[in-house]
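Residue numbers (our numbering), protein chains in the order written: chain A, 50 to 206; chain B, 2 to 123. Notes follow once the structure below has been shown.
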Amino acid sequence: VSESGGRALVSVRIGGTWLGVPAASVQEICNLAGYTALPRAPGHIFGLLNLHGQAVALLDLARLLELAADAAAPASDVQRRVVVTTAAGMRVGLIADQVRVLGEVDSEHWREVRAAVGSRLEPFAAAEVDHTVGYVTVLELEKVLEAACIGGEGASR
Amino acid sequence: MKVLWSNVGGHVIAVAAERVEAATDLASAGRDDTVDVAALLGVAVSGGEMRRVLRVRSGGAALLLLVGESVGVADVPAPQPLPELVAGLGITLGVAGVAPLAGAFGYVLDVDRLAQATRRVT
Chain A
50 VSESGGRALV
60 SVRIGGTWLG
70 VPAASVQEIC
80 NLAGYTALPR
90 APGHIFGLLN
100 LHGQAVALLD
110 LARLLELAAD
120 AAAPASDVQR
130 RVVVTTAAGM
140 RVGLIADQVR
150 VLGEVDSEHW
160 REVRAAVGSR
170 LEPFAAAEVD
180 HTVGYVTVLE
190 LEKVLEAACI
200 GGEGASR
Chain B
2 MKVLWSNVGG
12 HVIAVAAERV
22 EAATDLASAG
32 RDDTVDVAAL
42 LGVAVSGGEM
52 RRVLRVRSGG
62 AALLLLVGES
72 VGVADVPAPQ
82 PLPELVAGLG
92 ITLGVAGVAP
102 LAGAFGYVLD
112 VDRLAQATRR
122 VT
């Protein structure tokens, strides 16, 4: 949180939805290239990314949060980006159609959750931010990752 | 670490070479101590595809792993555990970890865990 009450965000577009994650939890942004499929994984687990020799699980937020696809989304995996985040003791790559680093967003631009009310996204929404890209739903990343985490039999926790 | 690896339904699996006694043809499979790795991974293998069998050692007993047609040998770094988000799948898959292999990650099988599971079933 800055002196003006703002918080730094990285926003990701998934289909027609912009989501925000705290910049402090973002480790790296890279291309989605050379991933490995993971057998018996639920649909929201995209696979494993080789990040500097380390395996990082890739999370498909579109599947987990049931976000609508958008015609403007890139058609191929090559064009998609991965935002590598750390939260809840896990390092996870979020797959995005587009990424923007918003930097500090002043407190006057923040509001309570409205757009996401009633959707699958609502339980994971901390707030909404009015930005040039439109309204960005800021995620409670820990909650998202805990919901996505796989138990012993391959099902979501 | 030296491993024997095979492509099973699009997934690369590996077994520590020191645990492998022999790589044979399909004729020696079909016994109770055979693990169909394709079924383990939940992938389909076409009926016409040739299969190979790895005879591996677990404790004092042998276990047969039904894998893909081609079997290769490679030196890989020590396996790293599955990432925390998907760690629970390791038990389901009988996987000890992953290692960079054949341009992707290979799933290194936990032979002892598979042997225990097989003995429980049979």
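A virtual CB, placed ideally from N, CA and C, is assigned to each residue, including glycine. Computed from a predicted model, the values in this text were never measured in an experiment.
Query, Result
"Would you say Thr93 of chain B reaches chain A, if we count a Cβ-Cβ gap shorter than 7 Å as a contact?", "yes"
"Would you list, in sequence order, the uninterrupted beta strand (DSSP E) runs of no fewer than 3 residues that lie entirely inside the stretch 33-76 of chain B?", "35-37, 53-59, 62-68, 72-76"
"Take Val150 of chain A and list the residues in its own chain whose beta-carbon comes closer than 6 Å to its own, dropping the five residues that flank it on each side.", "Val59"
"Quick one: what's got a C-beta closer than 8 Å to Val96 of chain B's C-beta in the same chain, skipping five residues either side?", "Leu83, Leu90, Tyr108, Val109, Leu110, Asp111"
"Roughly how many angstroms separate the alpha carbons of Ala62 of chain B and Met51 of chain B, rounded to a whole number?", "26 Å"
"Using the C-alpha atoms, what's the distance from Ala117 of chain A back to Ala100 of chain B?", "35 Å"
"Is there at least one Cβ from chain A nearer than 7 Å to Ala105 of chain B's Cβ?", "yes"
"Could you check which residue in A:Leu113, A:Thr85, A:Ala111, A:Leu194 has the C-alpha nearest to that of Arg140 of chain A?", "A:Leu194"
"Whose C-beta lies closer than 6 Å to the C-beta of Arg112 of chain A among residues of the same chain, with five residues either side of it excluded?", "Gly92, His93"
"Taking only runs of the alpha helix (DSSP H) that begin and end inside the stretch 84-160 of chain A, which ones reach a length of at least 4 residues, in chain order?", "110-113"
"Per DSSP, what are the beta-bridge partners of Gln76 of chain A in this structure?", "DSSP lists no partner for Gln76 of chain A."
"Comparing alpha-carbon positions, which option in B:Ala103, B:Gly60, B:Val16 lies nearest Trp120 of chain B?", "The sequence given here has Arg at residue 120 of chain B, not Trp. The shortest Cα separation from Arg120 of chain B among B:Ala103, B:Gly60, B:Val16 belongs to B:Gly60."
"Cα-Cα, which of A:Thr181, A:Ala197, A:Ile199, A:Glu189 is closest to Ala73 of chain A?", "A:Glu189"
"Taking the beta carbon of Gly183 of chain A as the centre, do at least 16 other beta carbons fall within 10 Å, making it buried, or is it exposed?", "exposed"
"Using a Cβ cut-off of 7 Å, pull out every chain A residue sitting near Leu64 of chain B, in sequence order please.", "Near Leu64 of chain B there are no residues of chain A at all, since even the closest Cβ is about 20 Å away, more than 7 Å."
"I think Asp37 of chain B touches Leu67 of chain B, with their Cβ atoms under 8 Å apart; what is that distance to the nearest whole Å?", "5 Å"
"By DSSP's criteria, Glu191 of chain A is part of a beta bridge. Which residues make up the other side?", "Glu191 of chain A pairs with nothing; no bridge assigned."
"Give the range of the alpha helix (DSSP H) segment to which Ile92 of chain B is assigned.", "90-94"
"Helix, strand or coil, according to DSSP, for Val182 of chain A in the structure here?", "coil"
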